[in-house]
Structure formats: structure tokens, C-alpha cells
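Notes for the one structure printed next.
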Amino acid sequence: MNNVLSNKKIIALYITPALFLILALIYVPILQTGYYGLMKWNGIGEMSFIGLKNYTVLMKDPLFWKSALHSFLLALFSALSLSGYLFISIILAGKIKGADLLRKIYLIPMLLASVAIAQLWMKIYHPSNGMLNTVLMAIGIEDPPAWLADANLALYAIIIPIIWQYAGFYILIYYAALKNIPESLVEAARIDGASSWQIALKIKIPLVMNVIKVTIVLAVVGSLKYFDLIYVMTGGGPNGASEVMASYMYQKAFKGFDFGYASAIGFFLLVICLVVTYIIRRLTAANKDIY
Amino acid sequence: MLKKAHSFLLIAVLLAAAVLTACSGSTDMASGENGSKKTIKFMHLWPAGSSKQQNQIVTDIIEQYEAEHDDVKIEVEVLENEQYKNKIKVLSSSNELPDVGFTWAAGYMTPFVKGNLFAELDDVLNDGLKDSFVSGTTEAYALEGKTYGLPLELNIAPIYYNKEIFEKYNLDIPQTYREFENAVKTLADNGVAPIALGNKDRWTGSLWYMYLADRIGGAEVLNKAIDRSGSFEDPALVSAAEEVQNLVKMNAFNKGYNGLSNDEGKAEFLNGNAAMYLMGTWELPNFTTNEEIPQEFRENVGFFKFPTVEGGKGNIDSWVGGPGVGLFVAENSKVKDESKEFVKFFVEKWGEQSVEKAGVIPATKVDTGKVDLPDLYIDVLNELNKASSLTLFADVQMSAAVAETHLNLIQSLFGNEVKPADYAKQHEEALKAEEGN
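From first to last, the protein sequence lines are chains A and B.
Position in the first sequence (first residue = 1) + 21 = my numbering.
Position in the second sequence (first residue = 1) + 5 = my numbering.
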């Protein structure tokens, strides 16, 4: 076996199928998207080359920038929520009773399909007979907001289930990382008189810092290209109040019949994600780069 | 050892390759001639789950056709409405449309026709089919004098109302808009949602706007704005937008309507929480034959025509509506002649069965004397015969990009986020931009 793996030609032979798949399914479509972005194309008829016009229009498209703002808001809230997940994980990883059960409970939303989650929360948010408003009316609030219909609230009303949806995933990652910290380090600190708070802050968090950096990138990039719940719950509405970049791209392609422009949005979204990833890496790169 | 590992891996790689090529290869024989039998690929949008009766009729028609035509096999693919629309777009971008499929009229159909994807169907129409269509229905499927689709459905949009609620508050069927507003006010004052609306889907709100525009400015004003022989900044179109916002101010719609889908809005009417519901006649089965809805409720539903506005130019017999889905034949189909024959057969059989078996009003004429139907249907069919004009749904008339602008503006208008004058202006700009292309 070792012999096989040390022969470079054979390695090359065996990675060829995977390489071919990745090229065909990821890199070629990316290049194609970039190419379509230079076209005027309704997705059906002939394409015509219009150069960078789609991109110049995109730069000045207020609806796009509004949806980009919403995407970045979502990314910000997702990143902030990570600290909450970390806090929960530290408690879970400490020796508390029922940690195993709680960990499983937190993971349940991860196991649900996005559409099921969306349906569930649409029931909760229903303006007249939803759970949330029933509770609000029961405690005396006469005219509770119609969450998903209110242009000022719709985006935030969707961000909450998105954060809820991914809680289990990040808690699981942090939990595993925290469990990997050698028990002896924590014990040594405790013998030296460190409080639980100090142990968490000065020992545990620095030791899982690498994992935290990865999760920040995951959360931010995942948010920037987020689509599922928004599509099902509001379709980006009312009038674009909860539109994000990916849903705007979908609207343009499949509702507005403008595949050229939608491709430009898609390609630009990729560029944004790359730039943001690079910035996060630079900002969080301490002594050694982790990637 | 080495050899074993080697051959194991090699087999795995070969297997993977074989699976991949099999995937790509299987699509080749999807349509066209398959041995002695010809295969027609047919895609429709009535899954057995959500459109049971339609699905049954389609299945029956196909069986009947296959029984009569030994040499033809019809391969069916069924997708639900939205998925269907998406898949058609994806297929058409790679020029792989099914031989026969469903399309919508006017604006939806135009890019397909311009992309040379749909076959002309005038030869089918002139083959004796033309006279059986209700006039005005095939025209919505025509572009530059040629017909590219044969409509199956015809829908108009009345206002359904809950008789029990109307009786409880002593309300009569409103004939004029003033009476209508009084009814709305009485209902709202008594804590009943006057009108059920799910405006997340946006075209639902568009119906209200279209009727107001029709009753205020007459049947042509909106059509003219869209076909550019008029302007969207016509005073009638602006004041129709003002009336919409008046209704919003009067709390005429159920709470949170802008965030609810049409189905959720409809639920308010079906639950008896809301008194009125403006919707196409495709809802008639729910108010007559659908066993899943309590009989007590079904017996309580009536309909009325959108009231006339005092001083407006509209006629009470003018309807918003139009043909629903229609059939197309793909231009590059390998079995075009057979497909056309199948389409003709389908339209004829559909016209005979659809209203009685599925409650769908076909675009072909129905002899009300021959069919056994609930009263509500007979009334609607009779109204249809009296109709003075039929205005096609605005978002169907417009091109896709303008329709998108229109629908978003409708949602803002109902959400009080745009002033009526700006609403008209933004429509005008979108229509103008389109014209320049």
C-alpha cells in the first residue's frame, strides 16, 4: 500500500476522476457564469455580447446594494451569534449534568430540512393565529406586529430562525474542540487558583482559537450566500425588505428572465465571498496562518 | 498485496466512470423513435397529490390516446407549478423542451416564441378546432398573428363572499363601490376581516388594482398603458392606486396580508374569519364539490361582480381574467406531427370532461344544458356568456421584467410604502425602458 501511494504517477491516475469532477461541476460552471455575465441573455434565445454592461448596471443598482446590505447584516448577526454558541459549548463541555442530552437537543434543528424549518416558523409568525402573536396578545399587547409582512421587521424575523437553524452545527464543532483540550491543563490552572471564568477566557478560548477562526469564515461566507429560508418564508418581500444577494439573483434569473444579469450577480457574489474570506483571514491571522 | 490494492482501486475508478457515462447517456433516448413505437414526451403541472382530478383526466386522456394509437407512447413527467416553471426555463436554455408541455399566455410565452422554441399551431386550429374556443382565448396565445399555444382553462375573477357573515351584519350584495366601502366599514367595525388577501404572492393584490383601474378608467386604460398606446400615468390608473390605499386605511384586508401566501390568505376566508375573497374561478371546486371543505361552508359561499365606481367608465360585466395554462408543441420535436395530433385530441377531450370532472372551466365552449353542474358553476358560466370584455391578468400581459416591477410595486402600494403618483411613475419608467430594447 505504501508503495502504491509513493508512486506519483499512480497518485495522479487515481485523483484524475475526482479532479475531473471538481473541474466539471465547480470550476467550469464558475467560468461559465463569468462568461454569461458578459452577455445579454434571457435564458432562452440567442445571447449577445455586451461586455461589462451588466456589471456597470449592477454597480449602480440600488436594489442589489439593498440586498447586499441585508446579506451583510445577516453575516454580522451570524458572526455575533457565534459567541453565544461558544458560551453554551463551554458550559456543555464542563461537567454539567445532562450535557449529552442538551447537546442532542441543540442539534435537532440541524437535522430538519430548511423548508420544514421555514414552514414551522411561518406558523409561529402567523399574524393572527401564530404562536408568537397569540402569546403576545395573551400578555396584553393589543396589536402585535405582522412579523413577515412588516417591511421593517421581516429581515430580522427571518434572521432569528436562521441563527436557530445553525446553532447545533456550531455548538457541535465547539464542543468537540473544547473536549480536545487536555484535562491536565485545566486541572493545573485550577490548582493555581484560577476561577472558572478565568479558565474559560485565558485557557480554553485561546486553545480553540483556530476553530473559532474557521467558524467565523464559515458563518460569514455561509450568510453572504444564504437563500433557503428567505425564499420559502417571504420570497424576499415585502417589496425587497428581506431580499438578500442570492435571492435577488434568483429573482432576476427565474422571474425576470435576465440570466445575463443574474450571472453577473452570481459572479460578483463569488468575488465578494473571496474578498471577505481574505479580509477575515488577514484580520484573524495571529502568529501562524491556519489554512 | 500491492497488486490486489491496485486492482481494487482500479475497479472502483472504472465503476465510477461507468456510472457517470450511464448518467449522461440515458437522456439520449428520451424522445423520438424508440423501436417501432414513437415516444411523445409530455410534461404537465398537475401532480396527483395537489390536483387529483386534473391529474386523473390527463391520465385518462393519455390512456385513451395510446389505446387509439398503437404506435405512440406518451411519456409523462409531472411537476408542481413553480418547479414546472423553473424546469421549463432550464430545459429551454439547453433546447431540450418536452415535445408537448404547458405554457402561459402573452408575456410568459413571448421569449419562448422569439427563441424559436414553440411550434406554430395555426394548422391545428384551422383543422376545425377554432370554432370550439371561446373567442378571445386563443388570441392571448398569439404573437404577430400566429398562434403558439392552445389554452385549456378560462378563468374570470369574481368576489366570493360568505353569506352567513353578510346576513349577520345585514349586508346586501354591493352594486356600487360606495356600497362596497360601507360593507367593508361595517365588517371592520365589527372585528371581522372584510377581505381575505395573501399578498406575498403579489398577483393577488394585482387583481384588486386591476379591477379598480377597470371600473374607474374603463376596460382599455390598463391594456393601453401596457401596450404603450397609452400611459401608466393616466389619472384613472393613479386614482385606482389611491383607492387601493384607501381600502388599506379602512383595514379592509386581513392582518399581515403582505406576508401571507395566497393559500394562507384563502385560509382566512375558508375559516370564516374573512367575509370576501377576490379570486379566479379555479377556486370554484373548493366552494362546491371539494369534500375536504365542510359542506356547511360550501353552501354559504356566493359570488358577486366587482361593483361599479360612481362616475367611472367601467362596465360591471367587464372581467379580469383570461385563459390559464395552454399546451405548446416544441419546435425541435422529432415527433412534431404526432405531438400536434395529440394536442388536438387533448384539447377536445379536455373540453368535454374538465368542467364536470375537475371543475375547471375549459377555454373551449361548454354547453350548459348538457353538463350536470352545481348552481355556482352555472351562474359563473352564464356570467361568462354575458361578459362585455376580458382583461388579461396584468402580470401575464407584461414582459417578465416589467411584471416583476409591477408585482413589487403592488406589494409596496398595499404596504403604504409608495405614493400612488410614484407608483404610476415607476411603472411608466419600467415600461419605457422595455420599449427601448
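Beta carbons are placed, not taken as given, at the ideal position from N, Cα and C, and that holds for glycine.
Beta-carbon spacing of residue i, residue j below 8 Å
| i | j | result |
| --- | --- | --- |
| phenylalanine 47(B) | valine 95(B) | no |
| leucine 414(B) | valine 423(B) | yes |
| alanine 279(B) | proline 199(B) | yes |
| tyrosine 262(B) | phenylalanine 419(B) | yes |
| leucine 289(B) | threonine 396(B) | no |
| leucine 50(B) | glutamate 85(B) | yes |
| histidine 91(A) | glutamate 264(A) | yes |
| isoleucine 62(B) | tryptophan 355(B) | yes |
| threonine 369(B) | serine 97(B) | no |
| glycine 319(B) | isoleucine 221(B) | yes |
| leucine 130(B) | leucine 102(B) | no |
| isoleucine 51(A) | leucine 291(A) | yes |
| phenylalanine 190(A) | methionine 131(A) | yes |
| leucine 155(B) | tyrosine 146(B) | yes |
| threonine 115(B) | serine 417(B) | no |
CA-to-CA distance, residue j to residue i, given in whole angstroms
| i | j | result |
| --- | --- | --- |
| valine 330(B) | glycine 112(B) | 13 Å |
| threonine 293(B) | phenylalanine 302(B) | 9 Å |
| lysine 118(A) | glycine 55(A) | 53 Å |
| isoleucine 93(B) | asparagine 160(B) | 23 Å |
| cysteine 28(B) | lysine 276(A) | In this predicted model, cysteine 28(B) has a pLDDT of only 49, less than 50, meaning its place in the structure is not dependable; the value taken from the coordinates is given anyway. Cysteine 28(B) and lysine 276(A): Cα-Cα distance of roughly 30 Å. |
| tyrosine 106(A) | tyrosine 187(A) | 10 Å |
| glutamate 439(B) | alanine 245(B) | 23 Å |
| glutamate 158(B) | serine 110(A) | 58 Å |
| isoleucine 311(A) | leucine 304(A) | With a pLDDT of only 44 at isoleucine 311(A), under 50, the local geometry of the prediction cannot be trusted, and no value is derived from it. |
| asparagine 201(A) | tyrosine 299(A) | 28 Å |
| glutamate 346(B) | valine 352(B) | 10 Å |
| proline 259(A) | phenylalanine 350(B) | 43 Å |
| isoleucine 237(A) | phenylalanine 108(A) | 15 Å |
| arginine 207(B) | glycine 261(A) | 12 Å |
| alanine 215(A) | valine 232(A) | 24 Å |
| phenylalanine 274(B) | leucine 193(A) | 45 Å |
| asparagine 75(A) | glycine 64(A) | 15 Å |
| alanine 35(B) | threonine 44(B) | Only weak support exists for where alanine 35(B) lies, its pLDDT of 46 falling under 50; the value from the coordinates is given anyway. One C-alpha to the other measures close to 8 Å. |
| asparagine 267(B) | glutamate 297(B) | 18 Å |
| leucine 313(A) | serine 284(A) | Limits of chain A in this structure are 22 at one end and 312 at the other, which puts residue 313(A) out of reach. |
| valine 78(A) | aspartate 239(B) | 29 Å |
| proline 367(B) | valine 139(B) | 9 Å |
| valine 242(A) | alanine 120(A) | 30 Å |
| lysine 119(B) | phenylalanine 398(B) | 21 Å |
| isoleucine 383(B) | valine 360(B) | 11 Å |
| tyrosine 127(A) | phenylalanine 85(A) | 35 Å |
| lysine 61(A) | serine 211(B) | 29 Å |
DSSP beta-bridge partners of residue i
| i | result |
| --- | --- |
| glutamate 82(B) | Met48(B) |
| phenylalanine 309(B) | Ile164(B) |
| threonine 305(A) | For threonine 305(A), which the question treats as bridged, DSSP gives no partner whatsoever. |
| lysine 443(B) | Since the displayed chain B opens at 6 and closes at 442, residue 443(B) lies outside it and no answer follows. |
| valine 207(A) | Paired residue(s): none; valine 207(A) is not in a bridge. |
| tryptophan 324(B) | Leu395(B) |
| isoleucine 200(B) | Phe258(B), Met281(B) |
| glycine 331(B) | Thr108(B), Pro156(B) |
| phenylalanine 70(A) | Met60(A) |
| phenylalanine 123(B) | Ala335(B) |
| proline 367(B) | Glu158(B) |
| threonine 181(B) | Thr313(B) |
Closer than 7 Å at the beta carbon, the chain A residues around residue i
| i | result |
| --- | --- |
| lysine 260(B) | Pro148, Ser149, Ala167 |
| asparagine 413(B) | Asn260, Gly261 |
| glutamine 416(B) | Gly258, Pro259, Asn260 |
Chain-ordered neighbours of residue i on chain B, where CB pairs are closer than 8 Å
| i | result |
| --- | --- |
| glutamine 272(A) | Glu409 |
| cysteine 66(A) | Looking at the sequence itself, residue 66(A) is glycine, so the reference to cysteine does not match. What glycine 66(A) touches in chain B: Pro116, Lys119, Gly120, Asn121. |
| phenylalanine 275(A) | Lys90, Asn91, Lys94 |
| alanine 175(A) | Gly264 |
Neighbour list for residue i in chain D, Cβ cutoff strictly below 7 Å
| i | result |
| --- | --- |
| glycine 281(A) | Of the protein chains in the structure, A and B, none is chain D. |
Partner residues on chain B for residue i, Cβ-Cβ distance less than 7 Å
| i | result |
| --- | --- |
| phenylalanine 278(A) | Pro116, Ala405, Ala406 |
| asparagine 63(A) | Pro116 |
| tyrosine 172(A) | The sequence shown places alanine at residue 172(A), rather than the tyrosine named in the question. Per Cβ cutoff of 7 Å: Gly420, Glu422. |
8 Å Cβ cut-off: residues of chain A touching residue i
| i | result |
| --- | --- |
| serine 98(B) | Gly64, Ile65, Phe280 |
Residues of the segment 156 to 168 of chain A whose Cβ lies closer than 8 Å to any Cβ of chain B, in chain order:
Ala167, Trp168
May I ask you to list, following chain order, the residues of the segment 106 to 135 of chain B that have a beta carbon less than 7 Å from some beta carbon of chain A?
Pro116, Phe117, Lys119, Gly120, Leu122
If you measure beta-carbon to beta-carbon, which residues of the segment 244 to 272 of chain A are closer than 8 Å to chain B?
Thr255, Gly256, Gly258, Pro259, Asn260, Gly261, Gln272
Against chain A, which members of the segment 192 to 226 of chain B pass a CB distance test of less than 7 Å?
Lys205
With 7 Å as the C-beta to C-beta threshold (strictly closer), list the residues of the segment 337 to 356 of chain B near chain A in chain order.
none
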